[in-house]
Structure formats: C-alpha cells, structure tokens
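J.: In this text, residue positions in the sequence shown follow my numbering: the first is -17, and each later residue adds one.
Where is the CB? At the ideal position from N, CA and C, for every residue including glycine.
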Amino acid sequence: MIDIKFLRENPDVVKQNIKNKFQEHKLPLVDEVIELDQKARAAQQEADDLRNKKNKISKEIGKLMGQGKKEEAEAVKKEVAEISDRLKELEPMEAELSEKVTEIMMKIPNIIDPSVPIGKDDSCNVEIEKFGEPVVPDFEIPYHTEIMEKFNGIDLDAAGKVAGNGFYYLMGDIARLHSAVISYARDFMIDRGFTYCIPPYMIRSNVVTGVMSFEEMDAMMYKIEGEDLYLIGTSEHSMIGKFIDTINDEEKLPYTLTSYSPCFRKEKGAHGIEERGVYRIHQFEKQEMIVVCKPEDSKKYYDILWKNTVDLFRSLDIPVRTLECCSGDLADLKVKSCDVEAWSPRQKKYFEVGSCSNLGDAQARRLKIRVKAADGSKYFAHTLNNTVVAPPRMLIAFLENNLNEDGSVNIPKVLQPYMGGKTKLEVK
C-alpha cells in the first residue's frame, strides 16, 4: 500500500504506474480515493474542532453555575449538547470514510522500481544472468514421476484416494532426499548468518491482508471454516506477520530470518501437461528467507537474497538463471522481483524454482511495522522475501540434472551427510 500523501501529491505518477502494470480498470480508483480522502479529512477536521470546543466550553459550565449565572450555564449546556449530537453524526462518518479510503488504497498497486521492464505478462520477463552450463545428456530423461517410481519413491494414486488431486506420498530414498534438501537448505542459510525459525502455519485475516493483495488471497489461501484463520501459502506470510504493530530500534536492523514450513495453496487455474506430478500441488514444504531492514538497505539485501538461492542450487550441481519480472508480472505489493529458474535437461529449458521480491514499505505500512531512529523519529521498514528451496519442484531439477544413463542418481558431496553418506541412489 502506497502512502496516501504521496498519492495526493502525485496522482499522475500513480496513474502512470497503474498503466505500466496494465491494470487500466484501476485508474478510476485514484480519483475516487482522492475525493473520499478529502471528505474524510474534512470530517476529521470538523470533529477535532468540535471536540476541542466541547472540552473548552464544558469547563465554563461549572464556573457559570458557581457565579449563579444559571441561564448562561444552561445556554452553554445546550451548545454542548448540540456539539455532542453533531459528533454522533461525524464520528461514524469519519470511520466509514477512513475505512473506504483504506480499502481502495489496498487495491492500488505499489510504485514499481524504475529498473523494472515494462511488459504485460511473464512472456515479457527478461533474462539477467545464467549460472552453470546447461547440459542435455545423450540419453532420454524420463518425466520426474517416472524417475521417482523406479525408486518406489512416489504414490500419487493412493494420495488421490486419500486427499484428491494435487497431493502425493513420497517414499523411501526419494522421501529421504526431500528431507535432506530441506535440512541442507536450513544449515546453508544459518551458515550465511540468518536466524532459523519455525513459524505458525496458520495466520489471521489481518495478517493475510497485510502481506498480499486481495487477488492473491483469493487465488491462494485456504480458510479454516468457522475461524479467523488461514493456512499459510508460504512461511513468508507468518514471518513478516511476526513484526505486526511493532516499533523496532534502528540499530537492531536488519532482521534476517530463514524459516521452514509446510505450505498450502489452492493453485487455481489451468495446469498444463508439464505441471503434473509434484510440479503444481496443494501441499508442499519450503525453506524461506525474509529481511526487515531500513529503506536505504533494501536494494542491497535484494541482491543478497537471490544470490543465496543461486549459490545453493549451484552447490547441488544444478544450472540456474535469474529472470527479471516485468511490470505486468509483479504482484501489486512488489516493487521489484526476480525469479530463479533451474535447468530442465528433459524439457531443454529453464523452469521456476524460486522468487525473490522487494516489497518496499507496502507490507510494513499495512502491518504497522515501524522503525525508531536515533533521533526518535519513526518510519516504515522495508520487507523482502525469497525462496531458499521448495523441494517438490526442486526435486524435479535435482533428479533430472543428476540422473545417470543406468537410472541411478548422483548425490552431490554437500548433500551426502544428510543422506547417510550415500553417494548415489540406485534403482530398486
């Protein structure tokens, strides 16, 4: 959510930003919120003036009564009553107008960074850099579920009976590999100075609306029936929520946290043939990283975050590339974002395995995450997040890039301690 003061003073900038994100249907919201904001401030000003006047003249009643000036005192009482009646009209009007302003402001997209390429959708995303040499072996690589099945490592049929489509059982060495990747990612991030955290897996609605747009909420979140609770779609949500309504000492920043959690997503929309198996699912596990920092430091930490993911994948012998997300592919709260994509030798192309985002002060403004400077002044923090690793999808890249012609899978050296010293997975 952008600053209402900025919108008042720069309506044309906000409108151009909306156009750059190809959301022209939201253009009328700018004029609408300006008009409502004027009414809200006028109502607030009138109410404040009346409250001050009421407090001032109420003190006169006792003096007048003490001086025996009953008629004058009664006149003042009448004026106080009239003020009270007017305040009864104004106060709900204040609240209603303020609520409407906030509701509309939460629909207006954040101002994107000038470096973001302008484009309508993900087809306009721009490759930044490649890391590692993409290799296509001279033997055929099966679909990832076929690789897993050769190790008796997956059961989609049983999961379908138990929970429906979009769920899975991982078994044996594949399940162990999944857990090994998570454990390795945890230690990898701890070694880079991040504080490890296991967060709540459910959050309240005020946290949900604080960390994402209404559109994202509807597309992703599962609600717990009868309670003000939602299952998290990523631990970033509860990790940023940890700082809700706080004033943080400037000298303690940045907070750099890495978190493990299961994640739950509706995953609405059409799913192509390449999104079968464990590619797009309703439940998965993930290691995440977040940063809460001073505004002037957010660009620096943005680069630190995406580089962490690149380095982790390269340590597992997986070629990756970074892709700058264009304006139309950015969620409304994001200032700037890039995807990390892993090489798929089977498809002979890259596919997304993580996303790094700088949200500026949008989440902090919604959640009231403030910073107290040395001079006592307060300002909103900046928040960032990035995927360390999400094993189900990452397993696809791992298995394809470490597969041998005989069907065995190499275990990179860094992962061997988490796999009981195994150097290779052998076909059952």
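#1: Among the candidates Leu18, Met184, Asp357, Val353, whose CA atom is the shortest distance from the CA of Leu79?
#2: Excluding five sequence neighbours on each side, which residues of the same chain lie with their C-beta closer than 6 Å to the C-beta of Lys268?
#3: Give the straight-line distance between the Cα atoms of Lys51 and Gly223, rounded to the nearest whole angstrom.
#4: Quick check: what's the CA-CA separation for Pro91 versus Asn37?
#5: Going by beta carbon distance, what residues of the same chain come within less than 7 Å of Lys59, once the five residues before and after it are set aside?
#6: With burial defined as no fewer than 16 other Cβ atoms inside 10 Å of the residue's Cβ, what is the status of Thr405: buried or exposed?
#7: Quick check: what's the CA-CA separation for Ile378 versus Met199?
#8: Starting from the Cα of Ile39, find the closest Cα among Tyr166, Pro181, Glu56 and give me that residue.
#9: Assuming the contact rule is C-beta atoms closer than 8 Å, Val98 and Ser326 should be a hit. Round their C-beta distance to whole Å, please.
#10: Does the Cβ-Cβ distance between Leu312 and Asn368 come in under 8 Å?
#11: What is the DSSP secondary structure of Thr216, reduced to helix, strand or coil?
#12: Does the distance from the C-beta atom of Leu235 to that of Val274 stay below 8 Å?
#13: On the three-pair Cβ rule with 8 Å, is the region 127 to 143 touching the region 353 to 364?
#14: Restricting to Cα atoms, I'd like to know which of Arg352, Phe362, Asp279, Phe380 is closest to Phe323.
#15: Look at the alpha carbon of Ser195 and the alpha carbon of Ile(-16), and state the distance between them as a whole number of angstroms.
#16: If Ile156 sits next to Arg328, beta carbons under 8 Å apart, how far is it from one beta carbon to the other, in whole angstroms?
#17: Excluding the 5 residues flanking Tyr204 on each side, which residues of the same chain have their C-beta closer than 7 Å to its C-beta?
#18: Among the residues of its own chain, which have a CB less than 7 Å from the CB of Glu109, if the five just before and after it don't count?
#19: With burial defined as no fewer than 16 other Cβ atoms inside 10 Å of the residue's Cβ, what is the status of Ala344: buried or exposed?
#20: Report all residues from its chain with a CB closer than 7 Å to the CB of Asp104; omit the five preceding and five following residues, and keep chain order.
#21: List in chain order: all unbroken alpha helix (DSSP H) runs of 4+ residues lying wholly within the region 295 to 380.
#22: So for Lys268, helix, strand or coil by DSSP?
#23: Which residue wins for smallest C-alpha separation from Ile351, given the options Thr127, Ile229, Glu209?
#24: Answer with buried or exposed for Gly403, where buried requires no fewer than 16 other C-beta atoms within 10 angstroms of its C-beta.
T.: Checking against the coordinates, here is how it stands:
#1: By one-based count along the sequence shown, residue 79 stands at place 97. A check of alpha carbon separations from Leu79 across Leu18, Met184, Asp357, Val353 identifies Leu18 as the nearest.
#2: One-based indexing of the sequence shown puts residue 268 at position 286. Cys245, Ala372, listed in sequence order.
#3: Your numbering for residue 51 matches position 69 in the sequence shown. Your numbering for residue 223 matches position 241 in the sequence shown. Going by the C-alpha atoms only, they are around 58 Å apart.
#4: Within the sequence shown, residue 91 is the residue found at index 109, counting from 1. Within the sequence shown, residue 37 is the residue found at index 55, counting from 1. Distance from the CA atom of Pro91 to the CA atom of Asn37, rounded to whole angstroms, is 42 Å.
#5: On the sequence shown, position 77 is the one that residue 59 refers to. So the qualifying residues of the chain are Ile43.
#6: In the sequence shown, counting from the first residue as 1, residue 405 sits at position 423. So Thr405 counts as exposed.
#7: The residue given as residue 378 occupies position 396 in the sequence shown. The residue given as residue 199 occupies position 217 in the sequence shown. Going by the C-alpha atoms only, they are around 27 Å apart.
#8: The residue labelled residue 39 in the question sits at position 57 within the sequence shown. Selected option, being the one with the closest Cα: Glu56.
#9: Reading the sequence shown from its first residue, position 116 is the one you call residue 98. Reading the sequence shown from its first residue, position 344 is the one you call residue 326. With 8 Å as the limit, Val98 and Ser326 do not qualify as a contact, their Cβ atoms being about 26 Å apart.
#10: Here residue 312 is taken as the residue at index 330 of the sequence shown, counted from 1. Here residue 368 is taken as the residue at index 386 of the sequence shown, counted from 1. The answer is no: Cβ separation not under 8 Å.
#11: The residue labelled residue 216 in the question sits at position 234 within the sequence shown. In the structure shown, Thr216 falls within a coil segment according to DSSP collapsed to helix, strand and coil.
#12: Mapped onto the sequence shown, residue 235 falls at position 253. Mapped onto the sequence shown, residue 274 falls at position 292. Yes, they are a contact pair.
#13: Output reads no: the region 353 to 364 does not touch the region 127 to 143.
#14: Taking the first residue of the sequence shown as 1, we reach residue 323 at position 341. Inspection of the sequence shows that residue 323 is occupied by Glu rather than by Phe. Residue Phe380 is the option with its Cα nearest to Glu323.
#15: Here the question's residue 195 lines up with position 213 in the sequence shown. Here the question's residue -16 lines up with position 2 in the sequence shown. So the alpha carbons of these two residues sit roughly 13 Å apart.
#16: Taking the first residue of the sequence shown as position 1, residue 156 is located at position 174. Taking the first residue of the sequence shown as position 1, residue 328 is located at position 346. Arg328 and Ile156 do not touch by the CB rule: their CB atoms are close to 17 Å apart, not below 8 Å.
#17: If you number the sequence shown from 1, residue 204 lands on position 222. Apart from sequence neighbours up to five positions away, the residues of its chain that approach Tyr204 with a beta-carbon distance below 7 Å are Tyr212, Leu213, Phe246, Lys248, ordered along the chain.
#18: Stepping through the sequence shown from its first residue, residue 109 is reached at position 127. Answer for Glu109: Arg303, Leu305, listed in chain order.
#19: As a first step, residue 344 is located in the sequence shown; it is residue number 362 there, counting from the start. Ala344 is buried by the Cβ-count criterion.
#20: Translated into positions along the sequence shown, residue 104 becomes position 122. Closer than 7 Å at Cβ, skipping near neighbours: Asp311.
#21: Scanning the region 295 to 380 for uninterrupted alpha helix (DSSP H) segments of 4 residues or longer gives 344 to 349, listed from N- to C-terminal end.
#22: The sequence position of residue 268 within the sequence shown is 286, counting from 1. In this structure, Lys268 counts as strand in the three-state DSSP scheme.
#23: Counting from one through the sequence shown, the residue named residue 351 turns up at place 369. That would be Ile229, whose Cα lies nearest to the Cα of Ile351.
#24: Along the sequence shown, one-based indexing puts residue 403 at 421. By the neighbour-count criterion, in which a residue is buried when 16 or more other Cβ atoms sit within 10 angstroms of its Cβ, Gly403 is exposed.
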